[in-house]
Amino acid sequence: MKIGIIADTHDNIIAIQKAVYFFNTQDLQYVIHAGDYVAPFSLKEFMKVKTKFVGVFGNNDGERKGLLSVCKNIHEPPYDILLGGKHIVVTHMLDCLSKRSKMNTDIIISAHTHIPEIKKENPVYINPGECCGWLHGRSTVAVLDLEVSRAEIIDLSNVSPDIM
Numbered sequence: 001m002k003i004g005i006i007a008d009t010h011d012n013i014i015a016i017q018k019a020v021y022f023f024n025t026q027d028l029q030y031v032i033h034a035g036d037y038v039a040p041f042s043l044k045e046f047m048k049v050k051t052k053f054v055g056v057f058g059n060n061d062g063e064r065k066g067l068l069s070v071c072k073n074i075h076e077p078p079y080d081i082l083l084g085g086k087h088i089v090v091t092h093m094l095d096c097l098s099k100r101s102k103m104n105t106d107i108i109i110s111a112h113t114h115i116p117e118i119k120k121e122n123p124v125y126i127n128p129g130e131c132c133g134w135l136h137g138r139s140t141v142a143v144l145d146l147e148v149s150r151a152e153i154i155d156l157s158n159v160s161p162d163i164m
């Protein structure tokens with residue numbers, strides 16, 4: 001089972017379109033967003049993903065009612081999901097996790113720092129970085145393959161979808 005992971009999109013429509021295009025070229029069963037969509041208009045782009053979509057709110061997602069009107073599958077963090085036999089906790093900021101939420105957890109997906117990072121510890125920690133590219137100049141996402149326990153950061157700078 002392969003999962004696309006994205007976060008910190010911050011209304012950057014071009015970067016979101018690149019990410020959606022990339023995800024749609026992969027054999028994914030889920031796309032998980034770790035928060036900071038910002039406005040409902042940008043979330044509409046994610047409805048073009050050709051797989052299941054789930055996410056959590058981030059600290060910049062003030063218009064929650066509007067976001068939920070676009071997609072009902074956005075949750076307050078931390079959000080627990082069981083995929084491919086793995087217990088995954090999705091949050092925007094790590095400091096909202098308790099020791100309890102880390103127990104019996106295989107994978108933690110978070111965001112907020114805008115820095116892509118994969119730590120192969122117990123639990124595995126994945127931050128896909130910033131899709132928007134505003135802070136560090138790199139638009140990144142991640143792909144997690146649960147069958148082979150492999151996660152990879154993907155730089156979207158070379159992705160050129162026909163978005164016109």
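Residue numbers for the sequence shown follow full-length UniProt numbering, beginning at 1 and rising by one. Backbone N, C-alpha and C fix where the C-beta goes; we use that ideal spot for every residue, glycine too. On a predicted model such as this, the values are computed, not experimentally measured, just so you know.
With respect to Leu28, Gly4 sits close: the two C-beta atoms are nearer than 8 Å.
Shown here, Ile16 sits in a helix according to DSSP, grouped into three states. Looking at the backbone, the Cα of Leu97 and that of Leu83 are separated by about 20 Å. Rounded to whole angstroms, the gap between the alpha carbons of Glu121 and Ile107 is 9 Å. Taking 8 Å as the cut-off, the beta carbon of His114 is found no closer than this to the beta carbon of His87.
Contact check for Ala15 against Leu156 passes: the beta carbons are separated by less than 8 Å. Around Val20, the same chain offers Glu45, Phe46, Lys48 and Val49 as residues with beta carbons nearer than 7 Å, after the five sequence neighbours per side are excluded.
Annotated three-state conformation of Asn158 is helix, per DSSP. Of Trp134, Leu146 and Val38, the smallest CA-CA separation from Gly66 is found for Val38.
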